[in-house]
Every structure is written in C-alpha cells, then in structure tokens.
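For any residue, its number in the numbering used here is found by taking its place in the sequence shown, counting from 1, and adding 7. The beta-carbon is built from N, C-alpha and C at its ideal position, and this holds for glycine as well. Following: one structure in structure tokens, then a few remarks.
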Amino acid sequence: MIRHLSHHRHQPVSPVPTMFKTLTDTSKAAIFTALVLILAVAAALAINTLGLASSEFAWGAVWSITPVLATLIMVLVVTRDGYSRSGWQSLGLGRLGLRMWPIAFFGTLAITVAATAAVWATPLASVTARAGGIINSAVSLVIQVLLLATTFSLAEEIGIRGCLLPKLLPLGRKRALLVSGLVWATWHMPLPRSRLQCTTARGV
Numbered sequence: 008m009i010r011h012l013s014h015h016r017h018q019p020v021s022p023v024p025t026m027f028k029t030l031t032d033t034s035k036a037a038i039f040t041a042l043v044l045i046l047a048v049a050a051a052l053a054i055n056t057l058g059l060a061s062s063e064f065a066w067g068a069v070w071s072i073t074p075v076l077a078t079l080i081m082v083l084v085v086t087r088d089g090y091s092r093s094g095w096q097s098l099g100l101g102r103l104g105l106r107m108w109p110i111a112f113f114g115t116l117a118i119t120v121a122a123t124a125a126v127w128a129t130p131l132a133s134v135t136a137r138a139g140g141i142i143n144s145a146v147s148l149v150i151q152v153l154l155l156a157t158t159f160s161l162a163e164e165i166g167i168r169g170c171l172l173p174k175l176l177p178l179g180r181k182r183a184l185l186v187s188g189l190v191w192a193t194w195h196m197p198l199p200r201s202r203l204q205c206t207t208a209r210g211v
C-alpha cells in the first residue's frame, strides 16, 4: 500500500493540452490581431449604446480593457500558456525594464511636443487656456497622465507589446515593430467614430 501511494505521488503531471497544437508564432499573432480588433469594434458599439462617451474614464476603461481580454483568451483558451508561471512571464510581467523607461518617456514626450507644435503652426488649432487657468490645467494634465499611464496604457502594453510583439519576432525585429504598430493604430480606428457619433447625438 505504501509503495502504491509513493508511486502515485511521484507521477509527473501531464501538461495542459493546447487548443491548437500546430500553431506557429505568426499564426498566434494573427489570431490575437483578429481578437483585439473584434473586441475593439464591440467596445465601440458598447460605448455608443450605453452613452459612455461623455465620461472619459468610462469609455477609456471599456476601450483599454480589450487588449487584456484578447491576451486572456490567447493564454487561457488558445495556447493555454496561462496555466504555467512561465506563460505569464513571457508577457513581460516579471520584469520592470527600468533601463528603457527614460527612452520611452522622453521619446514619447519629444514626439508629442513636435506634433503639437506642428498642429499649432497651422490654422487647424490655436492655444487657449481653460477657465481654471494654466496652473489648474497643468495639474489636471499631470494627474490624467499618471492615471492613464498606470491603468489604461498598461492594459494596452500587456496586449500589444507583451502578447503580440514577441509572436511577430520571427518576421524580424523591424517588421515585427512595424506590424505591431499597424495593429495598434488600427485598434484605435473604431474609437474616434464612436465618440463622434455620441457627440453628434448630444448636439455639441
């Protein structure tokens, strides 16, 4: 009896079977892309139907959660990698990557300032101060940036850079970055239409 229990205790645990055993990394990337774009359209419809466009936090939460949902479907249903610790670590959740933070922050800031200056140099936009003054506007901007960076933007990064980008690397680093950027840009496309329809409906 003791020998039987000991033998049973040391039997290896069989791995969780994947839904598709023969998927290549690029196939996984294609499935993720389809999932996240479908979810984006569904989120846009939900924002319109529920009238969430008037609340930036509400539509931002609905919209930004879609890459995470696509990632969960991938790791829990399609690849089943989420049933092991290494599967979650492959999303980059186990390291902070602090060395790249200055590049990410200041690079994004430089692009944003350049793009804003270019728009202000045209008749398409002008510089105006809100009723609360420049200081209140600056404080509000900092709070919004910190909130968005730690919540909504993180949700995007987990999906696009954590799940999608590594699967595209077999195409080469430059092509992988280009394709992931195109997917990320396409993912945003249903959002302006959704907000525009809601704004028009309110008569603004």
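Which listed residue (T29, A68, S34) has its alpha carbon closest to that of L198:
Taking the first residue of the sequence shown as 1, we reach residue 198 at position 191. That would be A68, whose Cα lies nearest to the Cα of L198.
Give the range of the alpha helix (DSSP H) segment to which R106 is assigned.
Position 99 of the sequence shown, counted from the start, is the residue given in the question as residue 106. Taken as a continuous stretch (DSSP letters only), R106 belongs to no alpha helix (DSSP H), as it is neither H nor E.
For a test of the three-state rule: what should DSSP assign to P130, helix, strand or coil?
In the sequence shown, counting from the first residue as 1, residue 130 sits at position 123. Coil, per DSSP.
Through-space distance from L30 to G179, alpha-carbon basis:
Counting from 1 along the sequence shown, the entry for residue 179 is found at position 172. Counting from 1 along the sequence shown, the entry for residue 30 is found at position 23. Going by the C-alpha atoms only, they are around 18 angstroms apart.
If you draw a straight line from the alpha carbon of A117 to that of V126, how long is it in whole angstroms?
Here residue 117 refers to the residue found at position 110 of the sequence shown. Here residue 126 refers to the residue found at position 119 of the sequence shown. So the alpha carbons of these two residues sit roughly 14 angstroms apart.
Give me the residue from L52, K35, S71, D32 with the minimum Cα distance to L155.
In the sequence shown, the residue the question calls residue 155 occupies position 148. With distances taken between Cα atoms, L155 lies closest to S71.
Going by beta-carbon coordinates alone, are K174 and F39 separated by less than 8 angstroms?
For the purposes of this step, residue 174 is taken as the residue at position 167 of the sequence shown. For the purposes of this step, residue 39 is taken as the residue at position 32 of the sequence shown. Closer than 8 angstroms, so yes.
Are the CB atoms of A74 and I141 nearer to each other than 8 angstroms?
On the sequence shown, position 67 is the one that residue 74 refers to. On the sequence shown, position 134 is the one that residue 141 refers to. The residue asked about is misnamed: residue 74 is Pro in this sequence, not Ala. For P74 and I141, no; Cβs fall outside 8 angstroms.
Length-filtered (4 minimum) alpha helix (DSSP H) runs lying within the segment 52-128
63-80, 92-96, 108-127
G58, buried or exposed, once every other Cβ within 10 Å from all chains shown has been counted against 16:
Your numbering for residue 58 matches position 51 in the sequence shown. Per the 10 Å Cβ criterion, exposed.
Within its chain, find whatever has a CB closer than 7 angstroms to the CB of W194; leave out the 5 residues flanking it on each side and keep chain order.
On the sequence shown, residue 194 is found 187 positions in, with the first residue counted as 1. If we look at W194 and ignore the five residues flanking it on each side, its Cβ neighbours are V43, L44, A47.
State the start and end residues of the unbroken alpha helix (DSSP H) segment that holds T193.
Start at 1 with the first residue of the sequence shown, and residue 193 comes out as number 186. Counting along the chain, the alpha helix (DSSP H) containing T193 begins and ends at 180-195.
Check L30 in the structure and name its three-state DSSP category.
For the purposes of this step, residue 30 is taken as residue 23 along the sequence shown, with counting starting at 1. In the structure shown, L30 sits in coil (DSSP, three-state: anything other than H, G, I, E or B).
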